[in-house]
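Chains as they are written, first to last, in the working numbering: chain A, 1 to 218; chain B, 1 to 218. Built from N, CA and C at the ideal position, the CB exists for glycine as well.
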DNA sequence: TAAATTTGTTGTGATGGCTACAATATTACC
DNA sequence: GGTAATATTGTAGCCATCACAACAAATTTA
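See below:
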């Protein structure tokens, strides 16, 4: 029995947000080769000091973008030969959503020009990150219908219209107001505060909060 | 920028089958330390000759158990420090089901005493394989309701009663005959052959086949 | 102060899937 | 022809989904 071969292991994060009614993905512009100057998902190599893969992806995300303290859901591992020109790298992809106004990008020293990029205008990405992004978006569209992950996208208090808009942007299609409200209320994950929000020259909207701010599958 | 650290990468397979009306998991008895003599999921290290993680898990499964040519679905990656006493190992877990009568165990030279073990009687496993098994079983119970993965469990031709029994064993609960038949026919994945099967002193059952023998999500 | 404007909020009827439940059909055996 | 044993099939109630429209509440304006 010979020594087992060793490989580079990495994590990558597909972090989505909704900004001004459009779906954005958090990307970094690479400062070094390979793929220098191209956009890529934030991520990086597993270090010996990372006690888990989850810790690795959180650390890399923070270092490269300044985004911190979010729930990341593991998606899939990618390990084909040739996906990194430097040599074999097995990467584990994660999914998250976040309220972009909660974070300040590029506040760390080694951050690499993180940007929110319109998902619809994303061109070729470094490595196989286009594939990862496509699969992450697909998974996000399932997750949002099937878990409480959307709560990370919203502020602490929000109106049902704001919530519905997030769903519409992520799903890429309009939803019926009445059916959406019936559906979300059925899951019993929200409670109505006694406050309202004025957003123009019309009836104010009630503000809601999540009962439980933890990720939960329906 | 220093050289990225390298780690051992492995794959492990949770392969289930139904034998004599009980749910079995394919385990190997470890020949070497660590955990010598304990049961573990079949699997092993990613080699440079493996062109993908999928190729790795198939190779390891064949080498260690003789099971070949099955569909394996990736589940999750495990990379916590300390999950392997020899050093850090990141492992990618896979799920499969198989008709145990289709395979002959331990036909390869390096196979390690592979056995079908009752899931309900599995005690402590090596490494964190108990966790992986539990999560794989949970996923299997979702998969079977949501994909055509069950076809790998059945012979080429089977009766609806046989199929229902497989579902009952995996889900661990009885199902209603009429509802099961309505449900499975609704998915339009089976066709009735003109043959029947006598299994005793009573009306014979019609034999069915899958229309398409590929894995497909509903 | 009343009408217009704009968005928030809510109900109903049709449809389809899921669940619970029982009678009839078909074969071998006697 | 009667018995035993499993195969096969339908119906009614409930719940989720979907399409669809009227009323409520706030400001602006005439």
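- Counting along the chain, residue 91 (chain B) sits inside the beta strand (DSSP E) bounded by residues 89-97.
- Residue 121 (chain A) carries a helical assignment under DSSP once its states are collapsed to helix, strand and coil.
- With contacts defined by Cβ atoms closer than 9 Å, residue 13 (chain B) and residue 77 (chain B) do not form a contacting pair.
- The alpha carbon of residue 87 (chain A) has as its nearest neighbour, out of B:6, B:181, B:176, B:175, the alpha carbon of B:6.
- When the Cα atoms are used, residue 150 (chain B) and residue 82 (chain A) turn out to be separated by approximately 33 Å.
- Rounded to whole angstroms, the gap between the alpha carbons of residue 48 (chain A) and residue 89 (chain B) is 11 Å.
- Taking 9 Å as the cut-off, the beta carbon of residue 70 (chain B) is found no closer than this to the beta carbon of residue 16 (chain B).
- In this model, residue 148 (chain B) and residue 154 (chain B) are separated by some 11 Å (Cα to Cα).
- For the set B:117, B:22, B:142, B:163, the Cα lying nearest the Cα of residue 39 (chain B) is the one of B:117.
- Counting along the chain, residue 26 (chain A) sits inside no alpha helix (DSSP H); it lies in the beta strand (DSSP E) bounded by residues 22-29.
- Chain-ordered listing is empty here: chain A has no CB closer than 9 Å to the CB of residue 29 (chain B), the nearest sitting near 17 Å.
- For residue 44 (chain B), DSSP records a beta bridge to B:11.
- Between the segment 205-213 of chain B and the segment 156-165 of chain B, the count of C-beta pairs closer than 8 Å reaches three or more; the two stretches touch.
- Only residues of its own chain outside the window of five on either side were considered, and among them 170, 171 have a CB closer than 7 Å to the CB of residue 141 (chain B), listed in chain order.
- Taking 9 Å as the cut-off, the Cβ atoms of residue 61 (chain A) and residue 68 (chain A) count as close.
- Between residue 199 (chain B) and residue 205 (chain B), the C-beta spacing is below 9 Å.
- Judged by DSSP secondary structure, residue 65 (chain A) falls within the alpha helix (DSSP H) whose first and last residues are 53-65.
- Residue 108 (chain A) and residue 66 (chain A) do touch by the CB rule: their CB atoms are close to 5 Å apart, below 8 Å.
- Cα atoms of residue 19 (chain A) and residue 85 (chain A): separation of roughly 34 Å, rounded to the nearest angstrom.
- Approximately 22 Å separates the beta-carbon atoms of residue 100 (chain A) and residue 31 (chain A); this is outside 8 Å, ruling out the contact.
- Proximity of residue 50 (chain B) to chain A, defined by a Cβ-Cβ separation below 9 Å, is satisfied.
- Against chain A, the beta carbon of residue 92 (chain B) has neighbours under 9 Å at 77, 79, 90, 92, listed in chain order.
- In summary, no residue of the segment 130-153 of chain B has a CB separated from any CB of chain A by less than 7 Å.
- DSSP places residue 194 (chain A) in the uninterrupted beta strand (DSSP E) bounded by 190-197.
- Using a CB distance cut-off of 9 Å, residue 74 (chain B) counts as an interface residue toward chain A.
- In terms of Cβ geometry, residue 26 (chain A) and residue 42 (chain A) form a close pair [threshold 9 Å].
- At a C-beta separation below 8 Å, residue 187 (chain B) has no neighbours in chain A, since its nearest C-beta there lies roughly 19 Å away.
- At a cut-off of 9 Å between beta-carbon atoms, residue 158 (chain B) makes no contact with chain A.
- Secondary structure of residue 112 (chain B) (DSSP, three-state): coil.
- Under the three-state reduction of DSSP, residue 76 (chain A) is assigned to strand.
- With fewer than 16 other CB atoms across the displayed protein chains lying within 10 angstroms of its CB, residue 173 (chain A) is exposed.
- Within the segment 191-204 of chain A, no residue has its Cβ closer than 8 Å to any Cβ of chain B.
- Taking 9 Å as the CB threshold, residue 45 (chain B) lines the interface with chain A.
- Residue 209 (chain A): member of the beta strand (DSSP E) spanning 205-210, first to last residue.
- Put simply, the backbone Cα of residue 122 (chain A) is about 36 Å away from that of residue 188 (chain A).
- The distance from the Cβ of residue 46 (chain B) to that of residue 79 (chain A) is about 7 Å, consistent with a contact at the 8 Å cut-off.
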